[in-house]
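Its first residue numbered 5, the sequence shown is counted upward by one per residue in the numbering used here. C-beta atoms are modelled at their ideal positions from N, C-alpha and C, and glycine is treated no differently. Below: one structure, written as structure tokens.
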Amino acid sequence: MELKDFQQQKVVDVLDRYLDELRAQEAKAEKIRAANEGQPDPDLKVPMPDFPRMAWEEMQKANLLPPSRWHIPYNGRKEGIGNEVPSICLKIPTGGGKTLLAAHSVSHIMGRYLRRNHGFVLWIVPNEAIYTQTKKQLTNREHPFRQTLDRAAAGRVKILEKDDPLHILDVESHLCVMLLMLQSANRQTKETLKFFRDRGNVHGFFPAADDIQAHFELLGRVRNLDCYGNRDNLGAIAKESLGNVMRVLRPVVVMDEGHKAYTASAMETLFGFNPCFVLELSATPKENANWLVDIRGSDLQLAEMIKLPINVIVKAGEDWKLCLRESVDQLNLLQKHATELQANSSRYIRPILLVQVERTGKEQREKNLIHSEDVREHLLNLGFEQSAVAVKTSQMNELNDPENIDLLSPGCAVRAIITKQALQEGWDCPFAYILCSLAASHSKNAMTQLVGRILRQPDTKYTSDALLNESYIFCHHVKTKEIIEAIKKGLEKDGMADMAGQVRESKPGETAKQKRKIPRREKFKNLDIYLPLVNWVEQANARPLDYEQDILYRLDWSELKPEALAGKLAQEVDAEKSRTIRLSLAEGSDFLSTAEIKAIAEVLAFDPVYATRSITDIIPNPWRAREVIERLLTALQKRGFDETKLGTASIYILEELRKWVQEQRDLLAEKQFMDDVAAERIQFRLRADRDLWKMPMEMETGREEIAMQVPRNSGGPLERSLFSPVYYDDFNGDEREFACYLDEKNALRWWHRNVAKSGYGIQGWKKNRVYPDFIFARERTEKTDRIFVWEMKGLQLEGNLDTEYKRTLLRLLSEHYRAEDGVKAGTLQLVGQAGEEVECDLVLMDEWKTEVNKKWQES
């Protein structure tokens with residue numbers, strides 16, 4: 005599963021920078037520690053630095069932390085024996101791929117920071133539903149989450165539960181991931197004290213019971229171990245409990261929904277495990293958490309991961325059946341569109357209706373309360389098959405029936421799920437489109453929790469049908485203001501407070517199936533506006549450039565030179581820590597013997613199959629991917645990498661390989677694109693015989709329509725926008741300032757704020773199109789206009805990969821299609837058949853006023 009752009013750039017890349025800085029600061033701290041140990045005079049010893057804080061402050065200086073958190077100081081944490089512990093939080097909204105990012109984060113923490121592919125991860129979840137879901141995902145070797153961990157550990161992954169037996173050999177030869185519910189880690193609960201009791205199925209972590217001296221030394225090193233006797237006296241024995249095992253291993257701790265672990269007892273217990281790293285993931289983290297990233301709902305929307313806007317229909321009156329019936333009508337409408345979508349594109353979606361009721365228990369079927377069985381009966385009366393309706397309650401879970409296990413399967417018949425609040429967390433079905441709340445007036449809190457269950461977009465990719473990209477809520481017998489506030493509260497709890505403005509009310513009887521449409525301004529209705537597309541031209545036939553067909557699948561993968569990568573890879577990858585897998589004791593011991601060490605080394609050998617699978621999302625041809633792996637291995641073996649060294653360094657090799665292959669893919673694509681432009685196989689021209697983009701007569705926006713319109717700087721409404729009215733909420737602050745400035749320029753004919761995804765886009769050598777932010781036209785002395793297509797970037801984005809890519813793309817096209825000498829580098833000028841000129845440019849936000857005035861001075 006390839007990461008979305010925001011997941012890679014805003015999470016994984018930032019985490020990598022932090023891990024690199026953390027490792028650098030820890031190395032400095034270790035030098036001080038070593039110097040102190042060799043210094044007999046205590047007065048000359050240097051205080052140990054807080055290396056996690058130092059790394060955090062370096063990130064802050066580099067402006068790599070979320071702007072919303074710049075004023076929040078770092079909150080240091082110490083583990084059970086007093087050492088500073090790196091503790092960070094990833095703020096990721098519901099639906100943003102927390103578990104996927106957790107798996108990637110574990111992979112990077114192990115490889116980039118700890119520099120090993122074995123060890124122990126304690127993965128803590130807040131409740132049974134999320135526990136069950138996470139266990140299912142991580143134990144399935146075909147699931148992307150498990151495959152991510154497999155790549156990190158060269159396939160040697162063990163998923164454990166707290167009662168499973170555990171041996172030190174497992175930890176020294178595998179990446180062991182133990183799933184644990186939060187209450188099982190909270191020492192204050194009676195049931196979970198088992199975690200800290202002596203047990204007979206953990207082996208190899210403690211000295212033999214009669215080795216008194218070894219126990220004494222162990223208790224001296226790890227001061228917070230539970231023990232029998234006084235730890236300061238010879239004769240004390242460490243308990244062989246799982247809790248003590250954690251303290252000895254110093255695991256990486258992953259806290260899913262980490263904000264729920266902030267009770268004093270839970271935090272004391274978690275950090276009492278002496279973790280070497282604590283990673284928290286939450287949609288709504290605590291203020292005192294160390295937020296490394298702050299992902300917003302807008303990031304998810306741009307990545308096409310969530311269904312927004314949310315359409316809310318409030319039904320007055322006492323008859324709940326009318327509200328349910330209208331929900332079913334909307335479901336049937338969505339199903340019709342889904343069927344058409346499948347016929348046209350083979351993409352399968354089966355919209356599902358969630359119904360929230362007031363009662364579910366067998367003894368609670370009262371006359372005046374809406375019961376799950378009442379709803380089931382009415383759905384059957386409306387024409388539903390028995391198999392199409394499932395009830396999910398604390399007592400009954402028909403979603404666990406064999407035929408309903410996979411709700412995404414075409415073989416599953418479920419179209420409606422009835423619940424009270426049992427789907428609050430840990431339930432993930434992107435086919436859920438409609439929430440019909442028949443209990444909102446009695447339980448707004450439960451309804452608030454259910455909002456997030458209908459937001460995930462199938463396949464995290466929008467369809468060509470707007471109805472299938474939005475979500476719908478029908479509410480019975482509740483005040484509109486109350487329900488809107490409850491839904492917005494639900495978005496806030498899911499970490500998407502910034503998207504609350506996309507909740508909109510649909511009037512009674514309205515199907516809420518269309519976005520707001522804004523027409524052309526009256527004086528521009530007869531104006532035809534054409535813009536060039538990037539076309540693939542072959543034998544005088546032209547069509548819009550297709551990234552996969554015309555770029556990706558035409559790349560010459562034989563040009564990849566993995567030997568160059570092999571020459572850059574480090575010979576020794578933290579050999580000191582890698583040696584920990586080579587423990588041995590005398591024959592007859594419970595620990596490894598010499599022969600067993602060799603066997604484990606063979607098992608840990610670099611696996612070409614796993615390596616190939618790890619890059620097939622980048623190189624779509626598996627044969628070429630395998631060839632790259634074979635050539636890399638051959639080159640590494642020539643450099644002296646034997647099987648043991650390859651196995652030890654496998655996580656490092658795979659991480660560097662993926663990074664290198666992605667860079668090389670983009671370089672190959674860029675070179676091929678340039679060659680095709682030079683050969684005129686790729687063209688970008690205003691010609692009648694080429695596919696062109698025509699400005700529509702109306703545009704759609706998905707934002708909340710509010711009365712306030714954008715005013716001119718001099719007062720009064722805007723007059724030259726191509727579409728009218730212009731709503732305040734459709735622009736950010738910089739965009740409003742730019743639009744207002746343009747609107748008052750003499751000789752401006754019209755301007756338009758281009759809409760990403762649905763507006764005018766330029767295809768380059770990367771998958772995603774470039775959607776320029778503004779298109780505007782300046783009148784000239786001749787009858788033709790000069791049209792400007794501008795991509796706007798904030799100054800803080802100057803120099804980043806996306807900005808440089810767009811700038812390079814424009815420069816390439818500029819060099820080939822320049823209409824006159826002396827144009828600014830980074831611009832594209834094209835002359836159409838009627839003399840109309842089109843110019844594309846990338847402009848920084850703090851330079852746009854200068855650039856506008858410059859263009860107005862040109863003839």
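Between the C-alpha atoms of K198 and G208 there is a straight-line separation of about 20 Å.
When DSSP states are grouped into helix, strand and coil, F645 belongs to the coil group. Per DSSP, the continuous alpha helix (DSSP H) segment holding L253 begins and ends at 246-253.
Rounded to the nearest whole angstrom, the CA to CA distance from L186 to P289 is 16 Å. It is roughly 15 Å from the alpha-carbon of R235 to the alpha-carbon of R251. Assignment of beta-bridge partners to Q687 by DSSP yields N539. By a beta-carbon distance limit of 8 Å, Q141 contacts R150. Their separation comes to about 7 Å.
Just so you know, the alpha carbons of Y22 and R145 end up roughly 30 Å apart. Non-local C-beta neighbours of D54 in its own chain, meaning closer than 8 Å and more than five positions away in sequence, comprise G80, E88, ordered along the chain. Pairing R669 with I623, the inter-Cα distance amounts to about 8 Å. Contact between the stretch 764-775 and the stretch 632-640 is absent: fewer than three C-beta pairs spanning the two stretches fall below 8 Å. Put simply, the backbone Cα of E34 is about 30 Å away from that of R643. Counting C-beta atoms within 10 angstroms of its own C-beta, D611 has 16 or more neighbours from the protein chains shown and is therefore classed as buried.
One thing to note: N408 has its Cβ within 7 Å of the Cβ of A394. In this chain, E165 is not harboured by any alpha helix (DSSP H); it is covered by the beta strand (DSSP E) spanning 161-165. Proximity of the stretch 225-240 to the stretch 96-115 falls short of the contact definition, fewer than three beta-carbon pairs being nearer than 8 Å. With distances taken between CA atoms, D789 lies nearest to W754 out of N804, G798, W754, E795.
Judged by DSSP in its simplified three-state form, F388 adopts coil rather than helix or strand.
Restricted to the stretch 264-290, the alpha helix (DSSP H) segments that are unbroken, complete and at least 4 residues in length are 268-275, listed in chain order. With fewer than 16 other Cβ atoms inside 10 Å of its own Cβ, Y557 counts as exposed. Under DSSP, the beta-bridge partners assigned to Y476 are N315, I438. Non-local beta-carbon contacts of G763 in its own chain, meaning distances under 7 Å to residues more than five positions away in sequence, involve Y775 in chain order. Bridge pairing for L752: R782 [DSSP]. Sequence-distant partners of N205 (beyond 5 residues in either direction) whose C-beta falls short of 6 Å from its own C-beta, in its chain, are P169. Contact between L296 and L69 is confirmed by a C-beta separation of about 7 Å, below the 8 Å threshold.
With contacts defined as CB atoms closer than 7 Å, K166 and L184 qualify as a contacting pair.
Within the model, the alpha-carbon separation for P97 versus A287 is close to 4 Å. Here V359 really is in contact with L442; their C-beta atoms are around 7 Å apart, less than 8 Å. Between P77 and the set L848, T136, I134, E291, the nearest pair of CA atoms involves E291.
In the three-state reduction of the DSSP assignment, A420 falls in the strand class. If you check the CB distance, P255 and P279 come in under 7 Å. Short of 7 Å from the beta carbon of S331, and not among the five residues preceding or following it, lie these beta carbons of its own chain, in chain order: L357, I438, C440, F478. One thing to note: F124 has its Cβ within 7 Å of the Cβ of L253. Where K521 is concerned, the enclosing beta strand (DSSP E) starts and stops at 520-523. Here the stretch 532-552 lies against the stretch 679-696, with 3 or more beta-carbon pairs under 8 Å apart. Rounded to whole angstroms, the Cβ separation of H178 and A157 is 7 Å, and the two are in contact under 8 Å.
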